[in-house]
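>
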Amino acid sequence: MSERVADVSLPRRATRMSLSSRAPKALLWLFGAAVLLGGLTGVVVLLTPSLHHLYERQDLTATFQGPMTDGHLLGTDNLGRDLFWRSLAGLGVSLVVGVGVAVISLAVGLVIGILAGFFGKVADVTATVVVDVTWAFPAILLAIVLTGARGPGLVTVVMALALTSWAGFARLVRGEVLALREREFVSAALVLGVSKVRVSVRHFLPALLPLSLVMGAFFVSTSVAAEAGLSFLGLGTQPPTPSLGSILADGRLYLPVSPWPIIVAGSFLAATVTFFNTVGDRLRDTWDPREVTRP
Amino acid sequence: MTYVLQRVAYALLVLFLVSIVTFVGLHVAPGDVTTSVLNPTTTPPEVIAALREQLGLDQPILVQYWNYLHGVLTGDLGLSLVDRVPVRTVIANSAGYTVVLALAAFVVTFGLGVPLGALSAIRKGGVVDFVIRGFANLLLGIPDFVLALLLILVVAVHLHWLPVSGASSWRNLVLPAFVLAAEPLGLTIRVTRVAFLENRQADYVRTLRARGVSATRIDWRHILRNSMTAVVSLGAVQVRTLLGYALIVEVIFRWPGLGYQLVHSILQRDYAVTQSLVLLLAAVVVISSTIGDLLLAWVDPRIRTGGASE
Amino acid sequence: MTPTTASTTDDRGRTSSSVLSIRNLTIATSGRRSTEVVSDVDLTVAPGEAVAIVGESGSGKSVTALSCLGLLPDGLVVADGSIDVLGTTVVGARESALRKIRGRDIAMVFQDPMTSLDPCYTVESQLVESVRAHRQLSKAEARRLAVEMLDMVEIPRAAERISDYPHEFSGGMRQRVMIAGALILRPRILVADEPTTALDVTTQASILRLVDSLRRELGMAVVWISHDLGVVAEVADRVAVMYAGEIVESATTSDLFAAPTHPYTRGLIDSATSRPRGEPFGYIGGKVPAPGEWGRGCRFAARCARATEICAEHPPLFSLDPGHTHRCVVEAEAAG
Chain D
1 MSERVADVSL PRRATRMSLS SRAPKALLWL FGAAVLLGGL TGVVVLLTPS
51 LHHLYERQDL TATFQGPMTD GHLLGTDNLG RDLFWRSLAG LGVSLVVGVG
101 VAVISLAVGL VIGILAGFFG KVADVTATVV VDVTWAFPAI LLAIVLTGAR
151 GPGLVTVVMA LALTSWAGFA RLVRGEVLAL REREFVSAAL VLGVSKVRVS
201 VRHFLPALLP LSLVMGAFFV STSVAAEAGL SFLGLGTQPP TPSLGSILAD
251 GRLYLPVSPW PIIVAGSFLA ATVTFFNTVG DRLRDTWDPR EVTRP
Chain P
296 MTYVLQRVAY ALLVLFLVSI VTFVGLHVAP GDVTTSVLNP TTTPPEVIAA
346 LREQLGLDQP ILVQYWNYLH GVLTGDLGLS LVDRVPVRTV IANSAGYTVV
396 LALAAFVVTF GLGVPLGALS AIRKGGVVDF VIRGFANLLL GIPDFVLALL
446 LILVVAVHLH WLPVSGASSW RNLVLPAFVL AAEPLGLTIR VTRVAFLENR
496 QADYVRTLRA RGVSATRIDW RHILRNSMTA VVSLGAVQVR TLLGYALIVE
546 VIFRWPGLGY QLVHSILQRD YAVTQSLVLL LAAVVVISST IGDLLLAWVD
596 PRIRTGGASE
Chain F
606 MTPTTASTTD DRGRTSSSVL SIRNLTIATS GRRSTEVVSD VDLTVAPGEA
656 VAIVGESGSG KSVTALSCLG LLPDGLVVAD GSIDVLGTTV VGARESALRK
706 IRGRDIAMVF QDPMTSLDPC YTVESQLVES VRAHRQLSKA EARRLAVEML
756 DMVEIPRAAE RISDYPHEFS GGMRQRVMIA GALILRPRIL VADEPTTALD
806 VTTQASILRL VDSLRRELGM AVVWISHDLG VVAEVADRVA VMYAGEIVES
856 ATTSDLFAAP THPYTRGLID SATSRPRGEP FGYIGGKVPA PGEWGRGCRF
906 AARCARATEI CAEHPPLFSL DPGHTHRCVV EAEAAG
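Chains as they are written, first to last, in this note's numbering: chain D, 1 to 295; chain P, 296 to 605; chain F, 606 to 941.
1) Is it the case that the Cβ atoms of F/M719 and F/L676 are separated by a distance below 9 Å?
2) Determine, using beta carbons only, whether F/I794 and F/M825 come nearer to each other than 9 Å.
3) Below 9 Å on C-beta distance, what does P/A390 contact in chain D?
4) First and last residue of the beta strand (DSSP E) that includes F/I627?
5) Can you have a look at F/I897 and say buried or exposed, based on whether 16 or more other CB atoms are within 10 angstroms of its CB?
6) Indicate the three-state DSSP secondary structure (helix, strand or coil) for F/T870 in the structure shown.
7) For the alpha helix (DSSP H) containing D/V131, list its first residue and its last residue.
8) Can D/A225 and P/P438 be called in contact, C-beta distance under 9 Å?
9) Could you name the residues of the same chain whose beta carbon sits closer than 8 Å to that of P/Q354, not counting the 5 residues immediately before and after it, in chain order?
10) May I ask you to list the residues that DSSP assigns as paired with P/P381?
11) Could you please tell me which residues of the segment 550-574 of chain P, in chain order, have their CB closer than 7 Å to any CB of chain D?
12) According to DSSP, simplified to helix, strand and coil, what is F/P743?
13) Could you check what DSSP says for P/Y566 in three-state terms: helix, strand or coil?
14) Taking the alpha-carbon positions, what's the F/A856 to F/S831 distance?
15) Under a three-way DSSP split, which group does D/L172 fall into?
16) Residues of chain P with a CB under 9 Å from the CB of F/F715: which are they?
17) Below 9 Å between beta carbons: does that hold for F/V844 and F/L819?
18) Would you verify that the beta carbon of P/N432 is, or is not, closer than 9 Å to some beta carbon of chain D?
19) Please say whether D/V264 and D/G75 have beta carbons closer to each other than 9 Å?
20) Out of F/E854, F/F923, F/A917, F/T858, point me to the one whose CA is closest to F/A838's CA.
21) Would you list the residues sitting across from F/D679 in a DSSP beta bridge?
22) Would you say P/V355 reaches chain F, if we count a Cβ-Cβ gap shorter than 9 Å as a contact?
23) Got a sec? Which residues, its chain only, sit under 6 Å from P/S560 by beta carbon, not counting five neighbours each side?
24) When you compare the CB of F/T669 with every CB in chain P, is at least one pair closer than 9 Å?
25) What residue ranges within the segment 903-937 of chain F form continuous beta strand (DSSP E) runs of no fewer than 3 residues, ordered along the chain?
26) Cβ of P/G554 within 9 Å of Cβ of P/A541?
27) Using a 10 Å radius around the Cβ and a threshold of 16 neighbouring Cβ atoms, would you call F/D710 buried or exposed?
28) Considering D/S221, what are the terminal residues of the alpha helix (DSSP H) in which it resides?
29) When you compare the segment 161-174 of chain D with the segment 132-140 of chain D, are there three or more beta-carbon pairs, one atom per stretch, that lie closer than 8 Å?
30) Can you name the residues of chain P whose CB is closer than 9 Å to the CB of F/A704?
31) Identify the contact partners of F/L691 in chain P, using a Cβ-Cβ distance below 9 Å as the criterion.
32) So, is F/R901 buried or exposed, given that buried needs 16 or more other C-beta atoms within 10 angstroms?
33) Could you pull the start and end residues of the alpha helix (DSSP H) that P/W361 belongs to?
34) Taking the beta carbon of P/T585 as the centre, do at least 16 other beta carbons fall within 10 Å, making it buried, or is it exposed?
35) May I ask you to report which of helix, strand or coil DSSP gives P/Y637?
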């Protein structure tokens, strides 16, 4: 069976193909620095009450301003709030959600995947069924249901996204572990009486690091998009906490009046998603783990 | 044949477990169904109790699950407490819209994605390749609902080419279908291209060339079919993602499909509808990934003799 | 079709026209910093003749074989020389012209039968396709030819097995399918590139015998490409030994084994004929230099026990007897 599967699968090397991989490295760095710096600034602004006025202060005499007007770098929204600072704070929220989801998904996926691949037939069958059942619920579906049940909020969003996204990763980990356990150093360690848990920690985790980092980057990008989508529907981050999704939702209502909220928050979001996608693609090209697809 | 039976049996097992998870998951959720239709502070407790009894909520959870499962299998999904119509009617009224939207998106995804990916591979390094790759990356970088908003802004609000939302004519389908197809289309182009380029290096291609088979025939008959394994397995995965995004896209474009109904039912706390819709959508994911596996076995004959899927 | 007038002398001293003639063939990497991988190869194959090109991996033998069908991999080009297949000039020919001779005049069998057939189509589909690439036959007629050919390569129950997929055949059977596909249009030349290397020993022998008997039966010429002089000794009339991109010795098989002249050939024969365990091979220590590291002199000198200072100059091809040439200056001087 395993031979046949190996027979069927494609050659491993994915050709470098993203357009951005042609762009000079410096540009990617600059771009990444902007996204990360913006996100960090957003987190700082969110956590410092004395800075809240930056994105909270309303000015009903200056609503729907365009960029570069009256001290507002990127204009204002329907309540005259500064779009630049609101989007930056929203980006901070997005990154917190994205990193949170990525960390949880990676941890759960590694544990379940190693259990399935290395701890006997019963563990394997159980884990495979659990993965397939989990897989049946699209992330957004579960997120919507969960917010419906628990009420919306940051924690709910992270939980909902993490609860589903580990499943695909666990499948990949299982496949890698099945290959790794055939290696000499693993059988040698087992013969010497090293426990399976220890072998997993000492040998499997380091070997799975590249795959984990690649998937981590993709988890961040998909979660950032999903969080914004949920907030857009009113099921994610709740006001007054700013979020790219809710800026877009408000912007949509006033679309005929001013396109700027959508353009500004949309660009922040697209830039973040593209950045993490590119990082994932780059890492994958470097380490060449198995999958061409994304979570 | 055994392979088909194995796959179907496993899918049934997963579906059964999915139904349990859905049922239990929604029952441990705080807030009784009754509290969403009757205000607990103003309604006398006897009335609430009567409703609970009528809905069978006073029985042990196992019995409730049995009733529910029995209902699902016989097609009796209960009553929408908010709209006062059978859940079956709610689903029947909205499923068609989602199917049409999903089919349209699927046609765009594979109808455009596979030829574009193959073309990009055949013209590797040229202008056509560069443009197609740029297009794919663009589609992958913009989240669905942002793309939706931008398209609404440009195509609907400014140019007035297509309606903003609703479902009154086929013109309403164009924007949501394209938005829904965007990400899978970008991925399909990429995956087809990579698989195509890899297959071009394969030994069997050299054999075919050595026998005088024409390059066009090798590209479009042999390499494309061999590349399809990657595309089909991606397609099965994509159904899941597509369904998830369909929920958001339907809400944005006010397309009255299952996703629109689901969000509506959650915001209204209409549990009977929510439960059935969640089960239905999860079932679609399970069934489509099973079909994907079977399709894969059809495209690549080696899998058929290989026993259960990996 | 007029065969070219190029002529050669075969082992029985007769002169006959050739089906394949390679003249001064030089193959190099494309691009600005081009490196030669095959230098100045001459080879002529007469109708029905079995010629072997023998060499270690990296000697340029497979590339030479591929160039005869115009199938050089990306990155390699014919830098000089000419190839003539039954009157068609291969070097510089358009793809459409090449397509016409491939499979019809000259066919090829490759090393790995496991990956050389398209896994997605049945054997029937692939054989029928090979026929219909050249001849306007109905599918039924093409199928009849295919079954006939599978019978000929001794596949049991050919009429049933033809509808199987490649993965349903064993390695040896797959190679028979490959041979059937190559010979289905009865080409005048078959190039067999290490056709038995990927197979187990017993299967190897039966495939060799099969191809050799088909050669006699169909009257086609066979160019064997191999790293194994022992294998080639059984089936080839003539042997060309390649080392580092050039032919270092060429003779009839019997002459070559009776009087090997080039030190490299001697080394090969020593390692091909069984020697007592533990005794060193003597001549062939070290490894084949990679393209670009060949130097100006004799390319074997660095590994040769008999090398002297005259080996620093590149040796021309010396003629020993009619039909026996070699590239060793030391031997040439010794012979006077």
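Beta carbons: idealized from backbone N, C-alpha and C, even for Gly. Treat the numbers as computed from the prediction; the structure is a model and nothing was measured.
Let me lay it out:
1) Residue mapping note: residue 719 of chain F aligns to position 114 of the third sequence, counting from 1. Residue mapping note: residue 676 of chain F aligns to position 71 of the third sequence, counting from 1. Cβ distance not < 9 Å, so F/M719 and F/L676 don't count as in contact.
2) Counting from one through the third sequence, the residue named residue 794 of chain F turns up at place 189. Counting from one through the third sequence, the residue named residue 825 of chain F turns up at place 220. For F/I794 and F/M825, yes; Cβs fall inside 9 Å.
3) Here residue 390 of chain P corresponds to residue number 95 of the second sequence, with the count starting at 1. In chain order: nothing, as chain D lies at least about 15 Å away.
4) Along the third sequence, read from residue 1 onward, the residue named residue 627 of chain F stands at position 22. Segment 625-634, the beta strand (DSSP E) holding F/I627.
5) Start at 1 with the first residue of the third sequence, and residue 897 of chain F comes out as number 292. In the sequence under discussion, the amino acid at residue 897 of chain F is Gly, which differs from the Ile named in the question. The C-beta of F/G897 has fewer than 16 other C-beta atoms within 10 Å across all chains shown, which makes the residue exposed.
6) Taking the third sequence and counting its residues from 1, one reaches residue 870 of chain F at position 265. F/T870 falls in the helix class under three-state DSSP.
7) Taking the first residue of the first sequence as 1, we reach residue 131 of chain D at position 131. Note, D/V131: alpha helix (DSSP H), 120-135.
8) Taking the first residue of the first sequence as position 1, residue 225 of chain D is located at position 225. Taking the first residue of the second sequence as position 1, residue 438 of chain P is located at position 143. Here D/A225 is near P/P438, since their CB atoms are less than 9 Å apart.
9) Reading the second sequence from its first residue, position 59 is the one you call residue 354 of chain P. Contacts found: N362.
10) For the purposes of this step, residue 381 of chain P is taken as the residue at position 86 of the second sequence. Paired residues: P/L374.
11) Listed in sequence order: L557, V558, I561, T569, V573.
12) Sequence index remark: in the third sequence, residue 743 of chain F carries index 138 (1-based). Pro is not the amino acid found at residue 743 of chain F; the sequence shown has Ser there. When DSSP states are grouped into helix, strand and coil, F/S743 belongs to the coil group.
13) Position 271 of the second sequence, counted from the first residue, corresponds to residue 566 of chain P. Judged by DSSP in its simplified three-state form, P/Y566 adopts helix.
14) For the purposes of this step, residue 856 of chain F is taken as residue 251 along the third sequence, with counting starting at 1. For the purposes of this step, residue 831 of chain F is taken as residue 226 along the third sequence, with counting starting at 1. Within the model, the alpha-carbon separation for F/A856 versus F/S831 is close to 16 Å.
15) Position 172 of the first sequence, counting from 1, holds the residue named residue 172 of chain D. Residue state, collapsed to three classes: helix.
16) Working through the third sequence from its first residue, we reach residue 715 of chain F at position 110. In chain order: D498, R501, T502, A505.
17) Working through the third sequence from its first residue, we reach residue 844 of chain F at position 239. Working through the third sequence from its first residue, we reach residue 819 of chain F at position 214. No.
18) Locating residue 432 of chain P in the second sequence gives position 137, counting from the first residue. Yes, P/N432 lies at the interface with chain D (some Cβ there is under 9 Å from its Cβ).
19) Against the first sequence, residue 75 of chain D aligns to sequence position 75. Against the first sequence, residue 264 of chain D aligns to sequence position 264. It is a contact, given that the beta carbons lie within the stated cut-off.
20) As a working note, residue 838 of chain F is residue 233 in the third sequence. Nearest to F/A838 by alpha-carbon distance, out of F/E854, F/F923, F/A917, F/T858, is F/T858.
21) Working through the third sequence from its first residue, we reach residue 679 of chain F at position 74. In DSSP, F/D679 forms no bridge with anything.
22) The residue you call residue 355 of chain P lines up with position 60 of the second sequence. Per the sequence shown, the amino acid found at residue 355 of chain P is Pro instead of Val. No, P/P355 lies away from the interface with chain F (no Cβ there is under 9 Å from its Cβ).
23) As a position in the second sequence, residue 560 of chain P is number 265, starting the count at 1. Annotation for P/S560: V568, T569 place their beta carbon closer than 6 Å to its own, counting only its chain and skipping 5 residues before and after.
24) As a working mapping, residue 669 of chain F is identified with position 64 in the third sequence. Taking Cβ atoms only, chain P never reaches closer than 9 Å to F/T669, which makes this a no.
25) For the segment 903-937 of chain F, the full-length beta strand (DSSP E) segments reaching 3 residues or more read 923-926, 929-931 along the chain.
26) Counted from its first residue, the second sequence places residue 554 of chain P at position 259. Counted from its first residue, the second sequence places residue 541 of chain P at position 246. At a Cβ-Cβ threshold of 9 Å, P/G554 and P/A541 count as neighbours.
27) Sequence index remark: in the third sequence, residue 710 of chain F carries index 105 (1-based). The residue in question, F/D710, is buried, as its Cβ has 16 or more Cβ neighbours within 10 Å.
28) Along the first sequence, read from residue 1 onward, the residue named residue 221 of chain D stands at position 221. D/S221 -> alpha helix (DSSP H) spans 205-233.
29) Under the three-pair Cβ rule at 8 Å, the segment 161-174 of chain D counts as touching the segment 132-140 of chain D.
30) Stepping through the third sequence from its first residue, residue 704 of chain F is reached at position 99. Sequence check: residue 704 of chain F is Arg here, not Ala. At a beta-carbon threshold of 9 Å, the residues of chain P lying near F/R704 are R504, G507, V508, S509, A510, ordered along the chain.
31) Here the question's residue 691 of chain F lines up with position 86 in the third sequence. In chain order: nothing, as chain P lies at least about 14 Å away.
32) Position 296 of the third sequence holds residue 901 of chain F. That one is exposed.
33) Against the second sequence, residue 361 of chain P aligns to sequence position 66. It spans 356-369 - the alpha helix (DSSP H) in which P/W361 sits, taken as one unbroken run.
34) Here residue 585 of chain P refers to the residue found at position 290 of the second sequence. The Cβ neighbour count for P/T585, taken over all protein chains shown within 10 Å, is at least 16; the residue is labelled buried.
35) Any property of residue 637 of chain P remains undetermined from this structure, which presents chain P solely from 296 to 605.
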